[in-house]
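So the number in my numbering is just where the residue sits in the sequence shown, counting from 1, plus 2.
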Amino acid sequence: MSWASKIATLFLRSQAATVDAWQGTATSPGAGSPVVERKARVTVHEHGRYSTGLEDLPYRSVPEAAVGRLAVYLRVLTSMIEQGVTTMSSEVLAGAAGVNSATLRKDLSYVGSYGTRGVGYDTARLVEHIERLLGLTRHHSIAVVGIGNLGHALANYPGFPDRGFPVTALFDLDEDLIGVPVGGLPVDHVDSIPAVCAEREVTIGVICTPVAAAQGVCDLLVAGGVRCILNFAPVVLLVPDDVEVRRVDLAVELQILSFHQVRRCGGNGVGPVAEPIDPIAVSR
Numbered sequence: 003m004s005w006a007s008k009i010a011t012l013f014l015r016s017q018a019a020t021v022d023a024w025q026g027t028a029t030s031p032g033a034g035s036p037v038v039e040r041k042a043r044v045t046v047h048e049h050g051r052y053s054t055g056l057e058d059l060p061y062r063s064v065p066e067a068a069v070g071r072l073a074v075y076l077r078v079l080t081s082m083i084e085q086g087v088t089t090m091s092s093e094v095l096a097g098a099a100g101v102n103s104a105t106l107r108k109d110l111s112y113v114g115s116y117g118t119r120g121v122g123y124d125t126a127r128l129v130e131h132i133e134r135l136l137g138l139t140r141h142h143s144i145a146v147v148g149i150g151n152l153g154h155a156l157a158n159y160p161g162f163p164d165r166g167f168p169v170t171a172l173f174d175l176d177e178d179l180i181g182v183p184v185g186g187l188p189v190d191h192v193d194s195i196p197a198v199c200a201e202r203e204v205t206i207g208v209i210c211t212p213v214a215a216a217q218g219v220c221d222l223l224v225a226g227g228v229r230c231i232l233n234f235a236p237v238v239l240l241v242p243d244d245v246e247v248r249r250v251d252l253a254v255e256l257q258i259l260s261f262h263q264v265r266r267c268g269g270n271g272v273g274p275v276a277e278p279i280d281p282i283a284v285s286r
């Protein structure tokens, strides 16, 4: 795959990709081969069908948008269980998650849970199904690179280990930070990323560095065997085909919200609305 294709894939993946649950591949519509490979055993059959040897779960191709919603359902269900709720109707669960009932039922069909008519969903069993599909029953280990304000906050956030994502390694370039404990962990130098990540079996790397350092840090994480990266730096990372990158760009999210704000106000939001571009005038 060319570098241009990789960049295009990263930009389009959130809109076009589908994640093949329990088999570890993602494919883009119309593509001839997987664009993301994970560490699952995958068998390719005729007509492009895949299987993983995980016979206790049916094969499902799950859209990436549905994966995100399943994570929301899991959060809602966990909260309900803590309050002693044992069953929930699709209407109640959908309302709590901010989706409609049809979308909820479609999403839950991917995990093989259809509920009981007149009763609803068994919350504990549904949590089990969703956790298995999302891979939350497996061991995860998180490394945070860049211990500035954001890195400090992530290292100290108690919600990560509570949800099965313990932070096990911290890295920075600042000599004054090396060896200093943050969130109970000493900060290591970035040069040790490959060795430490391999030793501690890090599965997910979180990049909180400036833009200029992000690609180099990404390369070190990959060298340490990390195949999933959460990137807070506003830059597209170039990675091998078997590495999955999720980018969190807060400025982009604010720009998207700005668009919705202007649209909701009928074009009368705060500040002037850009005039549509006349393609004929531009071509002159």
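C-beta: ideal position from N, C-alpha, C; glycine also.
**Message:** Please report the straight-line C-alpha distance between residue 67 and residue 182, rounded to a whole angstrom.
**Reply:** 39 Å
**Prompt:** Quick one: any contact between the segment 190-209 and the segment 135-147, if contact means 3 or more CB pairs under 8 Å?
**Reply:** yes
**Item:** For residue 90: DSSP bridge partner residues
**Value:** 123
**Request:** Confirm, please, whether the CB-CB distance from residue 191 to residue 180 is below 8 Å.
**Result:** yes
**Request:** Please report how far the alpha carbon of residue 63 lies from the alpha carbon of residue 98, in whole angstroms.
**Result:** 25 Å
**Asked** Would you report the Cα separation of residue 176 and residue 147, rounded to the nearest angstrom?
**Response** 11 Å
**Asked** In whole angstroms, what separates the C-alpha of residue 154 from that of residue 168?
**Response** 14 Å
**Request:** Leaving out five residues on either side along the sequence, give the residues of the same chain with a beta carbon under 8 Å from the beta carbon of residue 213.
**Result:** 235, 236 and 237
**Prompt:** Between which two residues does the alpha helix (DSSP H) containing residue 151 stretch?
**Reply:** 151-158
**Prompt:** Got a sec? Which residues, its chain only, sit under 6 Å from residue 221 by beta carbon, not counting five neighbours each side?
**Reply:** none
**Message:** Between the alpha carbons of residue 134 and residue 73, how many angstroms are there, rounded?
**Reply:** 12 Å
**Request:** Locate the alpha helix (DSSP H) running through residue 83, then write down its first and last residues.
**Result:** 66-84
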